[in-house]
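Asks: Residue numbers for the sequence shown follow the working numbering, beginning at 9 and rising by one.
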Amino acid sequence: MTNKKLVLVLITLIIISAFIFITGCALHEKTTEYIFPEIVVNATGQTQESIIEELKPSGNRDDLVTSIRKGTDNSVIVEVTNKQREKWLADIEEMIEQCEKDAKADGGEINVNENRTEFVNKIRKDADMVEGVKRSMLVTTRSLQYQIFNGVDPNEIKLRTIIINIQNNKVMADATLEEGYSIDADDWEE
9 MTNKKLVLVL ITLIIISAFI FITGCALHEK TTEYIFPEIV VNATGQTQES
59 IIEELKPSGN RDDLVTSIRK GTDNSVIVEV TNKQREKWLA DIEEMIEQCE
109 KDAKADGGEI NVNENRTEFV NKIRKDADMV EGVKRSMLVT TRSLQYQIFN
159 GVDPNEIKLR TIIINIQNNK VMADATLEEG YSIDADDWEE
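#1: Considering GLU62, what are the terminal residues of the alpha helix (DSSP H) in which it resides?
#2: Tell me, to the nearest whole angstrom, how far the beta carbon of THR89 is from that of GLU37; I am working on the premise that it is less than 8 Å.
#3: I need the boundaries of the beta strand (DSSP E) containing THR39, first residue and last residue.
#4: So what does ASP182 bridge to, in DSSP terms?
#5: Where does GLN153 land, buried or exposed, given buried means 16+ other C-beta within 10 angstroms?
#6: For SER83, which of PRO162, ASP136 and SER190 has the nearest alpha-carbon?
#7: Touch check for the region 108 to 116 and the region 69 to 85: three-plus C-beta pairs under 8 Å?
#8: Looking at the structure shown, is ILE47 part of a helix, part of a strand, or coil, going by DSSP?
#9: Once the 5 residues before and after GLU62 are set aside, which same chain residues still bring their CB inside 8 Å of it?
#10: Thinking just about the alpha-carbon of each residue, which of PHE157, SER190, ILE43 and SER66 is nearest to the one in ILE170?
#11: Between SER129 and SER144, what straight-line distance do the alpha-carbon atoms span, to the nearest angstrom?
#12: Output needed for ALA51: all residues of its chain with C-beta closer than 7 Å, excluding positions within five of it in sequence on either side, in chain order.
#13: Just the C-alpha distance for ASN177 and ASP134, rounded to the nearest angstrom, thanks.
#14: For VAL86 and ILE100, which I take to be in contact (beta-carbon distance under 8 Å), what is that distance rounded to the nearest angstrom?
#15: Measure the alpha-carbon distance for ASN104 versus GLY159 and round it to whole angstroms.
#16: Of all the beta strand (DSSP E) runs that stay within the bounds of the region 136 to 170, which reach a length of 3 or more residues?
#17: Which stretch, first to last residue, makes up the alpha helix (DSSP H) that contains ASN90?
#18: Sorted by chain position, which residues of the same chain lie with C-beta nearer than 7 Å to GLU46's C-beta, five sequence neighbours on each side aside?
#19: Taking the alpha-carbon of GLN4 as reference, which of LEU97, ILE118, ALA181 and VAL179 has the nearest alpha-carbon?
In structure tokens:
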């Protein structure tokens with residue numbers, strides 16, 4: 009009888025030890041730091057503070073970051089696990105694909121190159137411009153995030169945006185992220 013109790017106690021201790029080990033390993037998962045430079049923060053239309061508030065981890069499994077803080081140069085610095093990074097990248101791809109589908113349904117076309125440094129947006133004059141601007145902003149921010157989470161140096165992040173009138177193939181804007189662009193009524197003339 010005593011041997012049975014001893015065996016049960018040992019098995020229980022092994023199970024508890026394994027649980028503690030597995031849980032402990034999960035809690036101390038390796039993280040990697042990524043910097044969202046000021047130009048990326050500005051491209052989102054948000055401030056450092058609003059980004060930090062939006063992404064601030066709450067301690068649950070759905071958090072997109074492990075930690076987040078202000079950089080001294082108006083950047084935002086996040087730490088993520090590999091699992092969180094993969095979630096970011098999957099969400100980025102899903103959002104860009106959805107924008108491509110929505111643009112097509114609106115009579116336009118969105119193309120983003122593989123490394124997410126060039127974005128071509130072919131639009132119609134009679135398209136829903138509010139939705140078009142939203143899509144453009146989403147593709148821009150997601151392309152920049154893609155570069156960040158794929159290890160592009162924060163000082164080397166770039167995005168060229170080309171806006172084309174799909175009805176006549178006229179290039180209405182061809183600009184880098186730093187330059188910005190605007191489209192006027194004259195740009196729609198043939």
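Ideal Cβ placement from N, Cα and C applies to all residues, glycine included.
Being a predicted model, the structure only gives us computed values, none of them experimental.
Replies: This is what the structure holds:
#1: Locating residue 62 in the sequence shown gives position 54, where the first residue counts as 1. That run of the alpha helix (DSSP H) goes 56 to 63.
#2: The sequence position of residue 89 within the sequence shown is 81, counting from 1. The sequence position of residue 37 within the sequence shown is 29, counting from 1. Yes, they are in contact, since the Cβ atoms of THR89 and GLU37 sit about 5 Å apart, within 8 Å.
#3: For this step, residue 39 is matched to residue 31 along the sequence shown. Element bounds for THR39: 39 to 44.
#4: Translated into the one-based positions of the sequence shown, residue 182 becomes position 174. ASP182 is bridged to ILE170.
#5: The residue given as residue 153 occupies position 145 in the sequence shown. Burial call: buried.
#6: Counting from one through the sequence shown, the residue named residue 83 turns up at place 75. That would be PRO162, whose Cα lies nearest to the Cα of SER83.
#7: no
#8: For the purposes of this step, residue 47 is identified with residue 39 of the sequence shown, where counting begins at 1. Residue state, collapsed to three classes: helix.
#9: Residue mapping note: residue 62 aligns to position 54 of the sequence shown, counting from 1. Closer than 8 Å at Cβ, skipping near neighbours: GLN54.
#10: Position 162 of the sequence shown, counting from 1, holds the residue named residue 170. Here the closest residue by C-alpha is SER190.
#11: Taking the sequence shown and counting its residues from 1, the one referred to as residue 129 is at position 121. Taking the sequence shown and counting its residues from 1, the one referred to as residue 144 is at position 136. Sequence check: residue 129 is Asn here, not Ser. Each residue's Cα considered, the two are about 8 Å apart.
#12: Locating residue 51 in the sequence shown gives position 43, counting from the first residue. The residues are THR148, THR149, LEU152 and LEU185.
#13: The count along the sequence shown starts at 1 and reaches residue 177 at position 169. The count along the sequence shown starts at 1 and reaches residue 134 at position 126. Cα to Cα, the separation comes out at about 15 Å.
#14: On the sequence shown, position 78 is the one that residue 86 refers to. On the sequence shown, position 92 is the one that residue 100 refers to. No, VAL86 and ILE100 are not in contact; Cβ-Cβ is about 14 Å, not under 8 Å.
#15: Taking the sequence shown and counting its residues from 1, the one referred to as residue 104 is at position 96. Taking the sequence shown and counting its residues from 1, the one referred to as residue 159 is at position 151. The question names Asn, yet the displayed sequence has Ile at residue 104. Rounded to the nearest angstrom, the two C-alpha atoms are 19 Å apart.
#16: none
#17: As a first step, residue 90 is located in the sequence shown; it is residue number 82 there, counting from the start. 90 to 113 is the span of the alpha helix (DSSP H), which, as asked, contains ASN90.
#18: As a position in the sequence shown, residue 46 is number 38, starting the count at 1. So the list reads ASP81, ASN82 and SER83, once near-sequence residues are dropped.
#19: Because the chain here runs from 9 to 198, residue 4 falls outside it and cannot be looked at.
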